[in-house]
Amino acid sequence: MNTNKLINWFQQFGIIFLLLVSAYAESQNVTQFRGNDRNGKYKETNLMTSWPATGPKLLWENDAVGNGYGSPVISNDIVYINGEVDSVGYLFAIDKTGKLLWKSAYGNEWVKSYPGSRSAPTIIGDLIYVTSGLGRLNCLNLKDGSRKWKVEMIQDLHGRYALFGHAESPLVYDDKVILIPGGRDTNVVALNRFTGKIEWISKGKGDVPGYNSPILIQVAGKRIIVTFTAYHMLGLDANSGELLWSHEQLNVPVAERQPGYGDTHSNSVFYEEGYIYYVAGDGNGAVKLKLSADGSRIEQVWRNPLIDDYMGGFIKIGDKIYTGKDSRKNLVCINAQTGIEQDSLKIGCGATILADNLLYYYNQRGEMNLVKPGEKMEKISSFKVSQGTKEHFCIPVIANGILYIRHGRSLMAYDIKNQ
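Structure (structure tokens):
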């Protein structure tokens, strides 16, 4: 091999190596609610396939992240999480040993029903976006938490509160960040993510917010925002905000609608190959919808009103859907083709995520369960989270072989790497 060929080979190898390192580094960051694709699936491998009776090793605990239910996000080994302390909301930055690097106050937080932060932050580049339960969207510098701009959904955008406050985790794409103020005329709003200026406004269907974190899908080259307000699923053109279609929740008659009854849609929807799936409570059930080829229309394929998961999310794997059934305190497996329940495990109502082909099910009794999915599910291991305060509502996160569990004011990090 001559010198030129050798140099060329090293250059090509170096480029490939850098691309691989870059891809690996990116995959280790979790910058949005329920993972980078907002579907609860974490791209982790070589994780433990069972746990000791006492659970995996606890690496650290930080018991001062404030009251709240919002999940953490992770970027470059720094964990970001928001919480309420003495009615003020803070964004906390924590290093990989559990040590607090800094905290930044972002305004008053929700202190009424279930006090504390609701949403997960969203990281894009060197900026982080945080929504308070009182409806303030903050754009902060990722480095130190200093504020770039803020917008008040109630005062500035004429929004309205839902019974439990604002809970959406901001959706960011291109130069836009999406909010759901829930105003009659300002139902869904896109802001410029660098300035906070309004890009477009959609009247939607005029509902109050439904605690839902939007997703972005693409159909026939068209990008569509899919989200829920209190009684409607909305499909909006991502560029203009035009309402393309809506799907109304009819299980609660219009005359009987009231806050806290039929209007809870905390679970982000899931889109795959022309179909939209979602799960909710109060008789809304599990539903499968079919989008038209051009994304302009939607129709219901099936609905199972017996499935009721209020805020634990769900996972679709192949032709099966896994979610909590709160009324029966079960984890259930649903046939995605028919909507029929196929199997259940009596392990409480809780939150569902997936990593390395196994389900992680964190129930509201504080038990973390490791479950093998399939037509006949199998509980492999479990352990009890004893640290923390108040309800076990937060959806767990997995990054870099570490399982993060929040319980109120405490954030725990568990080593789940297969040694």
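Take the sequence shown: its letters are residues 40 to 458, numbered as in our numbering. Cβ coordinates follow ideal geometry from the N, Cα and C atoms, glycine included.
Per-residue DSSP class, three states only, for residue i
i, result
"ALA67", "At residue 67 the sequence reads Gln, which differs from the Ala that was named. The answer is helix: DSSP assigns GLN67 an H, G or I state."
"VAL467", "For residue 467 there is no data in the structure shown, the boundaries of the chain being 40 and 458."
"ALA294", "helix"
"MET407", "strand"
"ASN177", "strand"
"PHE72", "coil"
"ILE100", "Note that residue 100 is Glu in the sequence shown, not Ile. Of the three classes helix, strand and coil, the one that applies to GLU100 here is strand, per DSSP."
"PRO220", "coil"
"TYR250", "coil"
"TRP21", "This structure does not reach residue 21, given that the chain is present from 40 up to 458, and the question cannot be answered."
"ASN457", "coil"
"THR161", "strand"
"PHE203", "coil"
"LYS82", "coil"
"ALA270", "For the sequence presented, residue 270 should be read as Tyr rather than Ala. In this structure, TYR270 counts as coil in the three-state DSSP scheme."
"ARG448", "coil"
"GLY122", "strand"
"ASN226", "coil"
"TYR129", "strand"
Whole-angstrom C-beta distance between residue j and residue i, which should lie under 8 Å
i, j, result
"MET231", "ASP214", "It is Asn, not Met, that sits at residue 231 in the sequence shown. The pair is a contact, with the Cβ atoms about 6 Å apart (cut-off 8 Å)."
"LEU130", "LEU179", "6 Å"
"ALA394", "GLU83", "4 Å"
"GLY352", "ASN290", "Contact flag wrong, Cβ pair sits at about 20 Å."
"CYS433", "TYR108", "5 Å"
"GLN67", "ASN396", "Actually they are not in contact, since the Cβ atoms of GLN67 and ASN396 sit about 19 Å apart, beyond 8 Å."
"GLY427", "GLY413", "About 31 Å separates the two Cβ atoms, so there is no contact after all."
"VAL410", "LYS423", "Going by Cβ atoms, the distance from VAL410 to LYS423 rounds to 16 Å, so no, they are not a contact pair."
"TYR119", "PRO160", "5 Å"
"ARG157", "ALA206", "4 Å"
"LYS364", "SER383", "7 Å"
"ASP102", "SER425", "So it is not a contact: roughly 12 Å between Cβ atoms."
Distance, residue j Cα to residue i Cα
i, j, result
"LEU166", "TYR145", "14 Å"
"THR268", "GLU148", "21 Å"
"GLN376", "ASP358", "7 Å"
"SER110", "ALA319", "19 Å"
"VAL216", "PRO209", "7 Å"
"TYR400", "THR391", "5 Å"
"HIS286", "LEU273", "7 Å"
"LYS142", "TRP188", "17 Å"
"ILE162", "VAL127", "21 Å"
"ASN343", "GLY378", "6 Å"
"GLU100", "SER171", "24 Å"
"THR303", "ASN323", "9 Å"
"GLN194", "LEU275", "24 Å"
"GLU406", "ALA332", "43 Å"
"TYR349", "VAL258", "28 Å"
"LYS244", "ARG223", "8 Å"
"GLU281", "HIS271", "15 Å"
"ALA229", "THR88", "42 Å"
"ASP116", "MET451", "15 Å"
"ILE455", "PRO91", "11 Å"
"ASP125", "ILE386", "35 Å"
"ASN408", "ARG262", "36 Å"
"ALA277", "TYR250", "20 Å"
"ILE360", "TYR317", "10 Å"
"GLU295", "LYS135", "49 Å"
"GLY79", "ILE437", "10 Å"
"THR362", "LEU398", "10 Å"
"SER463", "LYS327", "Absent from the model: residue 463. The displayed extent of the chain is 40 to 458, so no value can be given."
Classification of residue i by the beta-carbon crowding that lies within 10 angstroms, buried from 16 upward
i, result
"PRO220", "buried"
"GLY204", "buried"
"ASN121", "buried"
"PRO248", "buried"
"ASN457", "exposed"
"ASP347", "buried"
"SER114", "buried"
"LEU139", "exposed"
"ALA132", "buried"
"PRO298", "exposed"
"ASN85", "exposed"
"PHE462", "Residue 462 is absent from the model: the chain starts at 40 and stops at 458."
"ARG73", "buried"
"ARG445", "buried"
"VAL60", "Confidence at VAL60 is low in this model, with a pLDDT of 43, below 50, so its placement is unreliable and no value can be given for it."
Counterpart residues of residue i in DSSP-defined beta bridges
i, result
"HIS304", "According to DSSP, HIS304 bridges with nothing at all."
"SER383", "VAL371"
"LEU275", "ILE264 and LEU282"
"ARG342", "VAL326"
"ASP333", "Per DSSP, none; premise fails for ASP333."
"ASN36", "Nothing can be reported for residue 36: it is not among the residues displayed for the chain, which extend from 40 to 458."
"TYR316", "PHE309 and LYS327"
"ALA390", "TYR401"
Any chain E beta carbon closer than 9 Å to residue i
i, result
"ILE315", "No chain E is part of this structure, which consists of one protein chain only."
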